[in-house]
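Taking it in order: structure first as structure tokens, then the write-up.
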Amino acid sequence: MDTERALHRVGRAWHGVLAVLIGAALVAQVVLVCTGGDGDPGVSVAARLVRTFSFFTIQSNILVLADCAVRAVRPAADGRLRRVLRLDALLGITVTGLVFALVLAGDSHPTGLAWWLNLMFHYAAPPIAVVGWLLFGPRRRIDLASLGCALVWPLLWIGYTLAHGAASGWYPYPFLNVTDLGYAATVRNLAFVVLLGLVLLGAFAGLDRLLARSRWTGGAAAVPPGPVVPEPRAARD
32 MDTERALHRV
42 GRAWHGVLAV
52 LIGAALVAQV
62 VLVCTGGDGD
72 PGVSVAARLV
82 RTFSFFTIQS
92 NILVLADCAV
102 RAVRPAADGR
112 LRRVLRLDAL
122 LGITVTGLVF
132 ALVLAGDSHP
142 TGLAWWLNLM
152 FHYAAPPIAV
162 VGWLLFGPRR
172 RIDLASLGCA
182 LVWPLLWIGY
192 TLAHGAASGW
202 YPYPFLNVTD
212 LGYAATVRNL
222 AFVVLLGLVL
232 LGAFAGLDRL
242 LARSRWTGGA
252 AAVPPGPVVP
262 EPRAARD
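Take 32 as the starting number for the sequence shown in my numbering and just add one per residue.
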């Protein structure tokens, strides 16, 4: 019991610290954009802000921030939206780290504050978030309905990215630039990313079941398998 309580406290602290770090990085990113330090001076501040929040990286970090904030305050909170948020945060930040390391890092050379923000968004947040899930759970909350719902956000992002690019001529990543690559190559690249996401979702579901059988079940946050049932207020608080 003492070990479980200690793990519970460490988990809340872990997620709270990550939420603060990502929140500070997002504020700094907005300041950087508004002051023209993002290296795109020929575009209005409003357009630069839209572009900033169009990046999969930024949206993934926002999801992790929201998820970690809930985990820090109410770690046992449950429900369909809660499960999908957790899964999308985990999926998005993992894809962010992998795609940046494997595809984008070689062409990225930020300096100054942008270097630190790049470090936070691409190198620090992904492993910290994934390790936090592995260590603290919660377990047994990845079901078929949550897996299906978790695909909505990435698919909406793909549709938005292509539509926004067609209207503005701007694309967030070189491997999605229809102007330079054409639609065939862009769709092929997107298919690889979608396949990666599906593989990761399957891996998360498998790991979730495997870890649920071990003694590291996320402490009091672990719940038995079954339908989503909102927890009593006393249990959540």
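Beta carbons: idealized from backbone N, C-alpha and C, even for Gly.
Within its chain, find whatever has a CB closer than 6 Å to the CB of residue i; leave out the 5 residues flanking it on each side and keep chain order.
i: Val41; result: none
i: Thr217; result: Leu207, Val209
Tell whether a beta-carbon distance below 9 Å holds between residue i and residue j.
i: His46; j: Ala100; result: yes
i: Arg43; j: Val64; result: no
i: Ala181; j: Asp138; result: no
i: Gly163; j: Arg102; result: yes
i: Trp201; j: Arg82; result: yes
i: Leu129; j: Pro157; result: yes
i: Gly68; j: Gly143; result: yes
Please list, in chain order, all residues of the same chain as residue i whose beta carbon is under 8 Å from its beta carbon, the five residues on each side excluded.
i: Thr88; result: Thr127, Phe131, Phe152, His153
i: Asp71; result: Arg79, Arg82
So residue i packs on residue j, CB below 8 Å; how close in whole Å?
i: Leu49; j: Ile159; result: 5 Å
i: Leu122; j: Leu231; result: 6 Å
i: Leu166; j: Ala236; result: Contact doesn't hold; Cβ gap of about 18 Å is too wide.
i: Pro106; j: His39; result: 7 Å
Considering Cα atoms alone, identify which of the options is closest to residue i.
i: Tyr204; options: Gln60, Ile189, Ala198; result: Ile189
i: Leu116; options: Val58, Gly73, Arg172; result: Arg172
i: Asn92; options: Thr192, Ala194, Asn220, Ala155; result: Ala155
i: Ala145; options: Leu212, Ala234, Leu57; result: Leu57
i: Arg114; options: Gly228, Ala176, Ala194; result: Ala176
i: Gly168; options: Asp174, Val51, Leu150, Leu242; result: Leu242
i: Leu234; options: Arg219, Val161, Ala222, Phe223; result: In the sequence on display, residue 234 carries Ala and not Leu. That would be Val161, whose Cα lies nearest to the Cα of Ala234.
i: Val51; options: Asp98, Ala215, Gly67; result: Asp98
i: Leu226; options: Ala197, Arg170, Pro185, Leu150; result: Pro185
i: Ala215; options: Leu193, Val183, Ser245; result: Leu193
Have a look at residue i and residue j and give me their C-alpha separation to the nearest angstrom.
i: Val62; j: Ser85; result: 16 Å
i: Leu148; j: Gly213; result: 31 Å
i: Leu221; j: Leu94; result: 21 Å
i: Asp33; j: Gly196; result: 54 Å
i: Ala37; j: Asp174; result: 28 Å
i: Ser75; j: Leu150; result: 26 Å
i: Phe223; j: Ala77; result: 32 Å
i: Gln90; j: Arg219; result: 23 Å
i: Gln60; j: Ala198; result: 25 Å
To which residues of the same chain is residue i closer than 7 Å at the C-beta, ignoring the five residues directly before and after it?
i: Gly54; result: Leu96
i: Val104; result: none
i: Gly228; result: Leu122, Val126, Pro185
i: Thr66; result: none
Are any of the Cβ atoms in chain D nearer than 9 Å to that of residue i?
i: Leu193; result: In the displayed structure, chain D is absent; only one protein chain is listed.
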